[in-house]
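Residue numbers for the sequence shown follow numbering that gives the first Met the number 0, so the first one is 0 and each next one is one higher.
What follows is one structure encoded as structure tokens, with my remarks underneath.
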Amino acid sequence: MLDYDRGLPSVVQKEFFATTHRDIAEAERHLKNVTSLKAEYDDRITQSDFKNTNALVACFEGRPEFLCSDLVDPVFDFLSRPMPLLPVPAHVCAYNLAISGGWAFVLCWVGSNTAAEQLARSFGERGDKDKAASLLRFALEYTDQLFFAPDWWDSLSDAARLEVTKSVTGRLHPHYQPESDIFEQNGAVSMASVFSRSFGVGPWVGS
0 MLDYDRGLPS VVQKEFFATT HRDIAEAERH LKNVTSLKAE YDDRITQSDF
50 KNTNALVACF EGRPEFLCSD LVDPVFDFLS RPMPLLPVPA HVCAYNLAIS
100 GGWAFVLCWV GSNTAAEQLA RSFGERGDKD KAASLLRFAL EYTDQLFFAP
150 DWWDSLSDAA RLEVTKSVTG RLHPHYQPES DIFEQNGAVS MASVFSRSFG
200 VGPWVGS
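Written out as structure tokens, the structure reads:
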């Protein structure tokens with residue numbers, strides 16, 4: 000990325016320079032957080048210490064169309080409201096996995112985290128028929144460890160594949176600006192998964 004501006008006009012090079020170093024600072028912030036969290040989670044696992052662990056678990060019927068796993072730093076919640084910046088060591092883990100008869104999507108965090116609670120509650124406020132599609136949008140926008148079920152991908156129309164590809168690759172551009180309405184973009188991508196239930200885990204449920 001440091002060579003991305005080669006051959007461009009000087010005024011454009013200055014813009015790319017500022018953008019690149021902003022991204023470097025952001026990457027360093029994330030790395031610092033991941034390093035500290037790795038040590039904390041290692042200690043919790045070896046000591047079987049799961050107190051203050053919080054989660055939202057959403058269950059769906061049907062085979063998962065996608066799988067993802069990442070530490071996320073969302074800009075907007077599921078209702079398109081701005082999310083506050085997560086101060087170190089605050090964090091949100093997002094992943095989904097196959098379970099008997101379907102799959103589950105999990106948002107989890109350790110300790111007090113108002114941003115994570117906002118994200119979890121905003122998901123609960125979306126309509127049940129829209130929950131699966133909104134999670135796909137969330138994964139496309141905010142996760143990097145992403146896998147699509149081959150039969151699902153093969154079943155998509157050309158327009159749907161293009162829409163998914165643009166969602167995944169568009170945010171890699173140095174000047175990408177997140178859009179607040181990503182959860183309202185129904186587009187051509189369809190999912191067969193059906194929402195069945197959700198529940199909360201941990202101290203945040205009663206707050």
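Think of the CB as a built atom: it goes at the ideal place given N, C-alpha and C, for glycine as much as any other residue.
- For VAL10, the enclosing alpha helix (DSSP H) starts and ends at 9-45.
- Between PRO88 and ASN51 the beta-carbon gap is near 12 Å, outside 8 Å, which marks them as no contact.
- Judged by DSSP in its simplified three-state form, THR142 adopts coil rather than helix or strand.
- Annotation for PHE182: PHE77, SER79, SER133 and ARG136 place their beta carbon closer than 7 Å to its own, counting only its chain and skipping 5 residues before and after.
- With at least 16 other beta carbons inside 10 angstroms of its own, THR142 counts as buried.
- Distance from the CA atom of LYS128 to the CA atom of ALA57, rounded to whole angstroms, is 13 Å.
- The Cβ atoms of PHE194 and PHE65 do not sit closer than 8 Å to each other.
- For a cut-off of 8 Å, the C-beta gap from CYS67 to GLN144 is around 6 Å, short enough to register as a contact.
- Here DSSP, grouped into helix, strand and coil, assigns VAL74 to coil.
- Linking ASP41 to HIS90 through their CA atoms gives a straight-line distance of about 16 Å.
- Rounded to whole angstroms, ALA97 and LEU7 show a C-alpha spacing of 47 Å.
- Burial state of PHE198 is exposed, judged by a 10 Å Cβ sphere holding fewer than 16 other Cβ atoms.
- The DSSP assignment places 113-123 and 130-141 as complete runs of the alpha helix (DSSP H) inside the stretch 113-142, in order along the chain (cut-off: 4 residues).
- DSSP places ASP180 outside both helix and strand once states are collapsed to three, so it counts as coil.
- Beyond the five residues adjoining it in sequence on each side, GLY169 comes within less than 7 Å, by CB distance, of TYR175 in the same chain, given in chain order.
- Annotated three-state conformation of SER154 is helix, per DSSP.
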